[in-house]
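What follows is one structure encoded as structure tokens, with my remarks underneath.
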Amino acid sequence: MKRGLKLIGALSLAAVLLYGCDTAGTSTATGESSAKEVKQGDLNVAFIYTDSVINKYDYFKTKSEALTEKGKKFESDLQGRASGFQQEVQNFQQSGGNMTVNQQRAKQEELGKKEQNLMTYRDNLMQELSADEAALYSEVYDKVQNYLKVYAEQNELALILSYTRGGAVWYGNGALDITATVIEGINKEFAAAPTDTVK
């Protein structure tokens, strides 16, 4: 699950960051823009390796570990319920011959409802984990984007690209790679944040 989280996270964040880069420089409907005017010869560009930013961002690691633990607890709880249900089915199969036809029908209906409830419970757990995962990636995107906005202003960058293999950027001069600097910066912010802000 942890491996899947990282892969999905890298792809999701890459898509969102690329979308943010595509729309960051567009004007409003009236043709006005709040961005500073950039002359063609003054275009300062940098890029980050998206997967590295995600995988080395301490905030993401902390939250994804908590999400993985939550998934393990859900899995354990579900296995316990499934084992209990399976045992009840086996008991019915062994002792069903001693029941009347009406008792057998009633027990079958009861087991059918329990099985349906178990599947509904499983689906609800999966939906909850999926929603938590989506919320985490959205939160990470917001934090990285906010940091990059400040970083770009401080370093007079007009554009920060998101690099992922097979993405829109095919090559970047290593001198433009600010991945390590960004990782260091966002981790410093995370370390300085009050612990009660990480839930």
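Taken in order, the sequence shown gives residues -24 to -1, 1 to 175; the numbers are from mature numbering (1 follows the signal peptide of the UniProt record, and there is no 0).
Glycine is no exception: its CB is placed at the ideal position from the N, C-alpha and C atoms.
- Are residue 162 and residue 113 closer than 8 angstroms when you measure CB to CB? In the sequence shown, counting from the first residue as 1, residue 162 sits at position 186. In the sequence shown, counting from the first residue as 1, residue 113 sits at position 137. Not in contact: residue 162 and residue 113 (Cβ atoms no closer than 8 angstroms).
- Query: Under a three-way DSSP split, which group does residue 164 fall into?
  - Reply: In the sequence shown, residue 164 corresponds to position 188, counting from 1. Note: residue 164 maps to helix in three-state DSSP.
- Message: What does the Cβ neighbour count give for residue 145, buried or exposed, with the cut at 16 atoms within 10 Å?
- Response: Counted from its first residue, the sequence shown places residue 145 at position 169. It counts as exposed.
- Item | Residues of its chain near residue 57, where Cβ-Cβ distance is below 8 angstroms and the 5 sequence neighbours each way are ignored | In the sequence shown, residue 57 corresponds to position 81, counting from 1. 94 and 97.
- Query: Name the DSSP beta bridge partners of residue 152, please?
  - Reply: Locating residue 152 in the sequence shown gives position 176, counting from the first residue. Looking at the DSSP assignment, residue 152 forms no beta bridge with any residue, so it has no partner.
- What are the boundary residues of the alpha helix (DSSP H) that residue 110 is part of? Taking the first residue of the sequence shown as position 1, residue 110 is located at position 134. Element bounds for residue 110: 77 to 130.
- Item | Opening and closing residue of the alpha helix (DSSP H) in which residue 65 lies | Residue numbering aside, residue 65 sits at position 89 when the sequence shown is read from its first letter. Segment 34 to 71, the alpha helix (DSSP H) holding residue 65.
- Quick one: what does DSSP say residue 21 is sitting in, helix, strand or coil? Counted from its first residue, the sequence shown places residue 21 at position 45. Three-state result, residue 21: strand.
- Query: Alpha carbon to alpha carbon, how far is residue 63 from residue 101?
  - Reply: Locating residue 63 in the sequence shown gives position 87, counting from the first residue. Locating residue 101 in the sequence shown gives position 125, counting from the first residue. Taking the straight line from one Cα to the other gives about 22 angstroms.
- Query: According to the Cβ coordinates, are residue 139 and residue 25 closer than 8 angstroms?
  - Reply: Taking the sequence shown and counting its residues from 1, one reaches residue 139 at position 163. Taking the sequence shown and counting its residues from 1, one reaches residue 25 at position 49. Against a cut-off of 8 angstroms, the Cβ pair of residue 25 and residue 139 comes out as a contact.
- Could you name the residues that DSSP lists as bridge partners for residue 138? On the sequence shown, position 162 is the one that residue 138 refers to. Residue 138 pairs with 24.
- Message: Measuring only the C-alpha atoms, how far is residue 81 from residue 74?
- Response: Within the sequence shown, residue 81 is the residue found at index 105, counting from 1. Within the sequence shown, residue 74 is the residue found at index 98, counting from 1. Answer to the nearest angstrom: the Cα atoms are 13 angstroms apart.
- Pair within 8 angstroms by beta-carbon distance, residue 19 and residue 134: As a working mapping, residue 19 is identified with position 43 in the sequence shown. As a working mapping, residue 134 is identified with position 158 in the sequence shown. Yes, the Cβ-Cβ distance between residue 19 and residue 134 is below 8 angstroms.
- Message: Rounded to the nearest angstrom, what separates residue 71 and residue 59 at their Cα positions?
- Response: Locating residue 71 in the sequence shown gives position 95, where the first residue counts as 1. Locating residue 59 in the sequence shown gives position 83, where the first residue counts as 1. So the alpha carbons of these two residues sit roughly 18 angstroms apart.
- Please report how far the alpha carbon of residue 169 lies from the alpha carbon of residue 39, in whole angstroms. Counted from its first residue, the sequence shown places residue 169 at position 193. Counted from its first residue, the sequence shown places residue 39 at position 63. So the two alpha carbons sit approximately 14 angstroms from each other.
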